[in-house]
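Residue numbers (mature numbering (1 follows the signal peptide of the UniProt record, and there is no 0)): -29 to -1, 1 to 327.
We put the beta carbon where it would ideally sit given N, CA and C, even for glycine.
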Amino acid sequence: MSNRRRFQLGRLCASTLAVFVLLALNVQARPANISALKDKHPNSKEDNEILPPDHLNGVKMEMDGHLNKDFHQEVFLGKEMEEFEEDSEPRRNRKKLNEIFTKVDINKDRSVSAKEMQRWIMEKTEEHFQEAVKENKLSFRAVDPDGDGHVTWDEYRVKFLASKGFNEKEVAEKIKNNEELKVDEETQEVLESLKDRWFQADNPPADQLLNEEEFLSFLHPEHSRGMLRYMVKEIVRDLDQDGDGKLTLAEFISLPMGTVENQQAQDIDDDWVRERKKEFEEVIDANHDMIVTMEELEEYMDPMNEYNALNEAKQMIAVADENQNHNLELEEILKYSEYFTGSKLMDYARNVHEEF
């Protein structure tokens, strides 16, 4: 097993191993992904700029195949998500939620329908898209030293290794002279993974150069149908144990076996399994045949799929729809604020009528 796989498996908590034992599945370790190396340098600004992120805002699944736990909040709040922090002032958050509710409620009947929520979800997803485009301009500038509007793989490789602590001038000189780069096994595996992704982002006719738009696809595959398809293949490859190019429920909820930090098998993460099983059966498996194909996973992963947005709107409404009228009122959103914003508003009922 490679060092990179050991690194990824080492991050799993004890509850993860326990679930695996509970399921009694003969699971092989998943191939590690490039997020493993990124996690070693969480405070590196340059690293964050040029390394494809594992987490993509407004996309339901992470690049490593984990569910995006913040998805509901991202598609409800958009770029305003950062304003709702755990320790922020509840009164201010209630006021902000009221403002959002008013914007979602297009027909001003003081009730949000599934169609209104669908429109809002699409709008917030587009906000995340635009934010990614904005950030990509800065990232592209960082890896395009000569400013010619194109980046070669070697130019990117130099900047990437520099962000890992290598001497930029020495690396550039070695690459120029076709000399061997002495890097650790983990870094080498990440480079190979990035190179494969780099060439996938190179639109026909392939010229082995990435312009700004192609670089956006490299960093944010959700912006390109072809790269979205590539991302799905990578996820299926990581989870598919029998190699048939499809996912069973057992494969989707299974966890890799390996060394963990703490092996207390009694710490079983039932919530993790339950959430993943529900997503598989009720959302991803569109035809309910207990098999998820690449096509089904691609539709599920597409953040601009209007049908998915409508289904998501209905699910979000169902969570807080206490009066069962298939719509959401302000009081319901305030009561279930933690689901929509990540911030729990205490004493909402006592304050809602006073303030609004």
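8 Å CB neighbourhood of residue i in its chain, flanking five on each side removed
i	result
S15	In this predicted model, S15 has a pLDDT of only 42, less than 50, meaning its place in the structure is not dependable; the value taken from the coordinates is given anyway. For S15, where only same-chain residues beyond five positions count, the Cβ hits under 8 Å are S134.
residue 351	Lying outside -29 to 327, the shown extent of the chain, residue 351 is not represented and no answer is given.
E141	none
R247	L38, F223, I224
L152	L132, V142, K145, I146
N296	S82
E325	Residue placement at E325 cannot be trusted, given a pLDDT of 48 that sits under 50; the coordinates are not used to answer.
E293	E303, K306
F55	Q44, L48, N64, K67, T312, G313, S314
Whole-angstrom C-beta distance between residue j and residue i, which should lie under 8 Å
i	j	result
S314	N64	5 Å
E60	M52	That pair is no contact at about 17 Å.
D185	A172	Per the sequence shown, the amino acid found at residue 185 is Glu instead of Asp. Confirmed, about 5 Å.
K285	A85	5 Å
residue 328	K130	The question about residue 328 has no answer here: the residues shown for the chain are numbered -29 through 327.
L162	R128	7 Å
E253	R81	30 Å between Cβ atoms; not a contact.
Proximity winner among the options, relative to residue i (alpha-carbon distances)
i	options	result
G216	E193, E252, M265	M265
G36	A291, V290, D209, G49	D209
I304	L48, E102, L38, E250	L48
V122	L180, S84, I92	L180
M275	Q101, R128, N107	Q101
W243	P24, L38, E33	L38
Y271	H99, D25, E33, I21	E33
L281	F131, I262, V83	V83
H259	D80, N298, E277, L218	L218
residue 354	K79, V75, E277, K108	In the structure as shown, the chain starts at -29 and stops at 327, and residue 354 therefore has no counterpart that could be examined.
E302	E54, K66, I21	K66
D25	E193, Q89, N296	E193
Y278	Q89, D76, R196, D167	Q89
residue 347	D155, E144, I206, F189	In the structure as shown, the chain begins at -29 and stops at 327. Residue 347 is therefore absent and cannot be evaluated.
A103	L152, F189, K166, D167	F189
G197	V154, G136, N298, D273	D273
D167	K204, H99, N296	K204
S195	G214, N174, D178	N174
T158	G136, K105, D178	G136
N298	K105, N138, F72, D41	F72
E106	P23, E283, E150, E156	P23
Close beta carbons around residue i, own chain, < 7 Å, minus the five adjacent residues each side
i	result
H43	M287, Y310, F311
Y307	V290, A291
V114	I21, V122, E126, Y127, K130
N182	G120, H121
K50	E98, E102
Residues near residue i by beta carbon distance below 6 Å, same chain, minus five either side
i	result
F251	L220, F223
P116	none
W124	W169
A257	E267
V75	V83, E87, W91
F111	E183, F186
V154	none
H202	Reading off the sequence, residue 202 comes out as Met, not His. If we look at M202 and ignore the five residues flanking it on each side, its Cβ neighbours are P192.
R77	Checking the sequence shown, residue 77 turns out to be Ile, not Arg. For I77, where only same-chain residues beyond five positions count, the Cβ hits under 6 Å are E87.
G214	none
residue 369	What is shown of the chain runs -29 to 327, which leaves residue 369 out entirely.
Only counting runs of 4 or more residues, tell me where the alpha helix (DSSP H) segments fall wholly within the stretch 162 to 246, in order along the chain.
Counting only runs that start and end inside the stretch 162 to 246, the alpha helix (DSSP H) elements of at least 4 residues fall at 183 to 190, 196 to 210, 220 to 224.
Does the stretch 28 to 35 touch the stretch 88 to 105, meaning 3 or more C-beta pairs lie closer than 8 Å?
With the cut-off at 8 Å, the stretch 88 to 105 and the stretch 28 to 35 touch.
Going along the chain, which unbroken runs of the alpha helix (DSSP H) with 4 or more residues stay wholly within the stretch 51 to 132?
Within the stretch 51 to 132, the complete alpha helix (DSSP H) runs of at least 4 residues are 61 to 75, 85 to 114.
3-residue-minimum beta strand (DSSP E) runs that sit fully inside the stretch 243 to 300, ordered along the chain:
Qualifying beta strand (DSSP E) stretches: none in this window.
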